[in-house]
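These notes concern the structure reproduced below.
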Amino acid sequence: KTESVWKTLLIPIIGRILRFLPAYCVVMTITAHIIPHLGDGPLWPFKSWEEAEICKNYWWTNVLFISNLVDAKYQCLLMSWYLSCDIQFFIIGVIVVYILTKNQKKGIALLGTIIGLSISVPFIITLLTGRDGIDKFPVQYLLYLRNFLSLNESYRLSYMRATPFFSGLAMSIVVEKCKRKNVKFSQIVVHSGLFAILTITFWVQFYGAVFYTRNRPYYPLEHALYSTLCHCTWSVAGTWMTLSYFTSGYGLLNTVFNNRLTVFMGKLSYSVMLLNITVILTSQSSQRLPVHMSAKYLFDGWLYDLIICYLLAIIMYLIVEEPFAKLAKRLLYQRYSRKNKNSSINYGSPIEKTTISNSNTVKED
14 KTESVWKTLL IPIIGRILRF LPAYCVVMTI TAHIIPHLGD GPLWPFKSWE EAEICKNYWW
74 TNVLFISNLV DAKYQCLLMS WYLSCDIQFF IIGVIVVYIL TKNQKKGIAL LGTIIGLSIS
134 VPFIITLLTG RDGIDKFPVQ YLLYLRNFLS LNESYRLSYM RATPFFSGLA MSIVVEKCKR
194 KNVKFSQIVV HSGLFAILTI TFWVQFYGAV FYTRNRPYYP LEHALYSTLC HCTWSVAGTW
254 MTLSYFTSGY GLLNTVFNNR LTVFMGKLSY SVMLLNITVI LTSQSSQRLP VHMSAKYLFD
314 GWLYDLIICY LLAIIMYLIV EEPFAKLAKR LLYQRYSRKN KNSSINYGSP IEKTTISNSN
374 TVKED
């Protein structure tokens with residue numbers, strides 16, 4: 014039925030948006046109306062007040078999740094481009110998954126086409142426009158981070174960084190097929206494969222250092238290839254880890270992955286992502302004297318910001334994120350699951366936490 018199709022497509026999307034928005038809106042509100050009054054100093058108006066005015070005028074681009082498509086100087090919250098990309102990818106992903114459930118061959122063909130485009134588009138755009146293949150981050154950009162986001166036109170655009178998301182979606186299909194066929198790898202294969210992939214991944218990432226060499230000639234093909242590979246390498250490592258974890262396990266490392274502290278820290282990741290730039294900018298804005306960037310000073314500053322960020326993230330998670338997540342789940346998923354007990358349509362209920370026991374068997378909690 015048409016109604017059922019629309020519900021199947023819209024409910025997961027609405028659920029994810031409702032999952033993001035409460036904490037997102039709280040951080041925007043605090044940035045716009047509270048942080049400017051929490052401190053002062055020579056750098057405070059330049060950083061805190063400017064960020065507040067941007068959020069007061071352009072908060073709606075964040076709520077619509079299009080902040081990565083507007084000029085960076087109008088982007089409220091420096092990390093908001095990531096959430097916009099996430100929702101845009103998620104909408105496409107829901108459509109792909111729906112097609113997969115109806116016709117697996119067409120769904121796999123569509124997903125393969127999307128992955129092919131996500132790999133080729135950065136290569137073609139970089140080659141034709143003569144852009145750098147790496148998102149350079151010179152020291153002077155630390156003084157004003159928006160220069161970094163606005164000068165590099167490839168950094169925030171979703172079609173320039175889509176490979177990891179859709180590779181993960183494809184890996185979920187591979188993992189499901191392997192689990193059905195009871196495919197397992199030995200621990201030697203799991204760890205040696207991870208070591209080999211991580212070696213290649215780090216080599217590709219560290220190769221980017223050559224682009225910082227002064228007066229180095231520009232080679233279009235080199236930059237085009239690197240613009241593609243630098244986004245693919247981490248996704249390849251992630252897909253291998255996912256495949257190994259859900260089919261064979263990681264031996265003693267399973268206790269690390271399933272540890273309560275690891276799970277709890279994972280739950281805080283969204284709040285930490287929202288707050289970390291704000292905490293860093295607040296620390297920088299409160300400086301009144303020149304400082305020497307010694308190793309001790311950098312470590313002390315990092316440790317202070319880390320502790321403050323996680324303390325605020327715990328408060329955000331307990332007061333805002335988790336209560337609203339449970340409310341959204343109750344309003345959307347449980348309501349429609351009661352109405353459609355006998356329906357074959359899956360309304361996008363959340364995936365339960367999967368763990369691996371010491372015997373390397375996958376079980377659902």
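Numbering (our numbering), first residue to last: 14 to 378. Using N, Cα and C, we set each Cβ at its ideal position, and we do this for glycine too. Note that the coordinates shown come from a computational prediction; the quantities given were computed from them, not determined experimentally.
Item checked: Three-way DSSP call (helix, strand, coil) for residue 83 in this model -> DSSP places residue 83 in coil when its eight states are reduced to three.
Note to self: Can you give me the C-alpha to C-alpha distance between residue 303 and residue 168, rounded to a whole angstrom?
What the structure shows: Using only the alpha carbons, I get a separation of about 31 angstroms.
Next item on the list: Look at the alpha carbon of residue 17 and the alpha carbon of residue 110, and state the distance between them as a whole number of angstroms.
Entry: Rounded to the nearest whole angstrom, the CA to CA distance from residue 17 to residue 110 is 15 angstroms.
Notebook entry, point to check: Measuring CB to CB, does residue 341 end up less than 8 angstroms from residue 106?
Noted result: Judged by their CB atoms, residue 341 and residue 106 are not nearer to each other than the 8 angstroms cut-off.
Next item on the list: Please list, in chain order, all residues of the same chain as residue 132 whose beta carbon is under 8 angstroms from its beta carbon, the five residues on each side excluded.
Entry: Taken in chain order, the residues that qualify are 176, 241, 245.
Notebook entry, point to check: With distances taken from CA atoms, which of 75, 154, 99 is nearest residue 172?
Noted result: Nearest of 75, 154, 99 to residue 172, Cα basis: 99.
Next item on the list: Decide if residue 336 is buried, meaning its Cβ has at least 16 other Cβ atoms within 10 Å, or exposed.
Entry: Label assigned to residue 336: exposed.
Check: In whole angstroms, what is the alpha-carbon distance linking residue 129 and residue 317?
Finding: Across the structure, residue 129 and residue 317 are spaced so that their CA atoms are roughly 43 angstroms apart.
Item checked: Buried versus exposed, by CB contacts within 10 Å (16 or more), residue 24 -> Answer is buried; the Cβ neighbour count reaches 16.
Check: Nearest to residue 288 by alpha carbon, out of 150, 78, 319, 184?
Finding: Residue 319 holds the alpha-carbon nearest to the alpha-carbon of residue 288 among 150, 78, 319, 184.
Notebook entry, point to check: What is the DSSP secondary structure of residue 47, counted as helix, strand or coil?
Noted result: It is coil, neither helix nor strand.
Notebook entry, point to check: What do you reckon, are the CB atoms on residue 37 and residue 96 nearer than 8 angstroms?
Noted result: Going by C-beta atoms, residue 37 is nearer than 8 angstroms to residue 96.
Margin query: Here's a check: name, in chain order, each residue in its chain whose Cβ is nearer than 6 angstroms to the Cβ of residue 329, leaving out the five neighbours to either side.
Written below: Around residue 329: 36, 284.
Notebook entry, point to check: For residue 147, which residues from the same chain have a beta carbon less than 7 angstroms from its beta carbon, with the 5 sequence-adjacent residues on both sides left out?
Noted result: Excluding sequence positions up to five before and after residue 147, its CB lies within less than 7 angstroms of the CB of 221, 224, 239, 243, all in the same chain and listed in chain order.
Notebook entry, point to check: Just curious, the alpha helix (DSSP H) that residue 388 is in, first and last residue?
Noted result: In the structure as shown, the chain begins at 14 and stops at 378. Residue 388 is therefore absent and cannot be evaluated.
Notebook entry, point to check: When we look at the beta-carbon of residue 71 and count the other beta-carbons within 10 Å, is it buried (16 or more) or exposed?
Noted result: With 16 or more neighbouring CB atoms inside 10 Å of its own CB, residue 71 falls in the buried class.
Checklist line | For residue 147, the three-state DSSP class (helix, strand or coil) | finding: Coil, per DSSP.
Notebook entry, point to check: Helix, strand or coil: which one does DSSP assign to residue 322?
Noted result: Here residue 322 sits in helix by DSSP.
Check: What distance in whole Å lies between the Cβ atoms of residue 261 and residue 197, which are believed to be in contact at a cut-off of 8 angstroms?
Finding: Correct: roughly 5 angstroms between the Cβ atoms.
Next item on the list: Assign residue 330 to one of three DSSP states: helix, strand, or coil.
Entry: Looking at residue 330 - three-state DSSP - the assignment turns out to be helix.
Item checked: Delimiting residues of the alpha helix (DSSP H) encompassing residue 99 -> Residue 99 -> alpha helix (DSSP H) spans 93-115.
Next item on the list: Compute the distance between the beta-carbons of residue 68 and residue 80, then report whether it is under 8 angstroms.
Entry: The beta carbons of residue 68 and residue 80 sit no closer together than 8 angstroms.
Checklist line | Buried versus exposed, by CB contacts within 10 Å (16 or more), residue 184 | finding: Residue 184 should be labelled buried.
Notebook entry, point to check: For residue 271, which three-state DSSP category applies?
Noted result: Here DSSP, grouped into helix, strand and coil, assigns residue 271 to coil.
Next item on the list: Measuring alpha carbon to alpha carbon, tell me which of 149, 237, 202, 345 ends up nearest residue 227.
Entry: Nearest C-alpha to residue 227: 149.
Checklist line | 8 angstroms contact criterion, which residue 210 and residue 253 should meet: CB distance rounded | finding: With a Cβ gap of about 5 angstroms, residue 210 and residue 253 count as contacting.
Notebook entry, point to check: Would DSSP call residue 355 helix, strand or coil?
Noted result: Any reading at residue 355 is ruled out, since the residue's pLDDT is 46, under 50, leaving its predicted position unreliable.
Next item on the list: Alpha carbon to alpha carbon, how far is residue 278 from residue 190? Give it in angstroms, no decimals.
Entry: Residue 190 and residue 278 have their C-alpha atoms roughly 30 angstroms apart.
Margin query: Buried or exposed, going by whether 16 or more other CB atoms sit within 10 Å of the CB of residue 57?
Written below: Classification of residue 57: buried, given that the 10 Å Cβ count is 16 or more.
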